[in-house]
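Numbering of the sequence shown is given in the UniProt record's numbering, commencing with residue 1 and proceeding in unit increments. Note that the Cβ used here is the ideal one computed from N, Cα and C, for glycine as well.
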Amino acid sequence: MQKQIAVVTGTSTGLGLSMTEVLAKAGWKVYATMRNLEKASGIHSLQQEGLDIELLQLDVQSQESIDEAIQTVINQDGKIDLFINNAGIGFIKTTEQVTEEEYQKVFDINTYGQIRATKAVLPHMREQNKGRIVSISSVGGLVGQPLNEIYCASKFALEGYYESLASYVTPYFGVEFMIVEPGGISSEFANTVLANLEREGGFPKGDYEQVLNDYLGQMRGRDEGVFQTPEEVAEVIYEHLNSDELPLRVRTSQWSENLTKFKTEADPTGRKQQEFVVSSMLGK
1 MQKQIAVVTG TSTGLGLSMT EVLAKAGWKV YATMRNLEKA SGIHSLQQEG LDIELLQLDV
61 QSQESIDEAI QTVINQDGKI DLFINNAGIG FIKTTEQVTE EEYQKVFDIN TYGQIRATKA
121 VLPHMREQNK GRIVSISSVG GLVGQPLNEI YCASKFALEG YYESLASYVT PYFGVEFMIV
181 EPGGISSEFA NTVLANLERE GGFPKGDYEQ VLNDYLGQMR GRDEGVFQTP EEVAEVIYEH
241 LNSDELPLRV RTSQWSENLT KFKTEADPTG RKQQEFVVSS MLGK
């Protein structure tokens, strides 16, 4: 029996690496992709354990790179059962401080990167009349947060894209979508958000400095269980992948449920709203 085939983006560290490990240990063949193959030490370690993982170069900022990677998978295995759109970046800066180059980069990776990848993989899944696409978003795709307006805007746009896409691709072509909304992943906040802030010269001093201090103080002082490890988030995702039907949206911790409850309590998984849209606009 042919193995299930998964493709995961952004697998050098964090959730992408953990998701690759969880799937491979469950018997999947996983194509682990990343922009810079020099950062593949984590994947190499998993390969040395005998897991069925193949490393591919894929840059979500390049349609050509994405198309080439997807075609490689199709040429070798003839199908893609699961695509996990994980690659993304965090970003903290106010509207007054951000440059045009910075906010374009955030959108190019977080939003357009996932659209590019979905554009490449979707025709193959439609031909199969099945497949699953998982988008790693954030609670920031549902609830705006201080100093995160650029990041949140990129995730709001992403969720609107998938909610719209799922409304017709799922009922007509059998391809399912799931938007994952973690509350925060410990390693990625420290290694990505704060590291990027430091690399860019730190947060500019001025009227917003107190806001940043208050925000970081709250982030660092939160109770245990707010920040999850990449492994914990990967396990939540895999649990849903084992279900017959995917929720449109899923939070991965109790804290993320609490933060978004005023927007989600009537329809936690998003399926009621989706079914209503499909019924009223497509008669399905």
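(message) Let me check understanding here. Comparing Cα to Cα, which of S137, V233 and A166 lies closest to F276?
(response) A166
(request) Please name the residue or residues paired with K284 in a DSSP beta bridge. (result) None; K284 has no bridge partner.
(request) Buried or exposed for T111, please, with buried defined as at least 16 other CB atoms from any protein chain shown within 10 angstroms of its CB. (result) buried
(message) Check for me: the alpha helix (DSSP H) holding N258 runs from which residue to which?
(response) Q254 to T264
(request) Throw me the rounded Cβ distance for the I43 and T13 pair, which I believe falls under 8 Å. (result) With a Cβ gap of about 10 Å, I43 and T13 do not count as contacting.
(request) May I have the straight-line CA-CA distance separating E176 from L56, to the nearest angstrom? (result) 24 Å
(message) Going by DSSP in three states, M1 sits in which element: helix, strand or coil?
(response) coil
(message) Using CA atoms only, rank isn't needed, just tell me which of Y162, E163 and L142 is closest to K263.
(response) L142
(message) For the beta strand (DSSP E) containing G131, name the first residue and the last one.
(response) G131 to I136
(message) Going by C-alpha to C-alpha distance, which of Q71, G27 and Q61 sits closest to N36?
(response) Q61
(message) Please state whether the Cβ-Cβ distance between Y31 and E54 is less than 8 Å.
(response) yes
(message) Starting from N110, trace the beta strand (DSSP E) in both directions and tell me its first and last residue.
(response) No beta strand (DSSP E) contains N110, which is instead part of the alpha helix (DSSP H) from E100 to N110.
(request) Confirm, please, whether the CB-CB distance from E181 to L248 is below 8 Å. (result) no
(message) Which residue wins for smallest C-alpha separation from Q48, given the options T33, I70 and K25?
(response) K25
(message) Let me check one thing: in DSSP terms, what residues is I185 bridge-paired to?
(response) Q228
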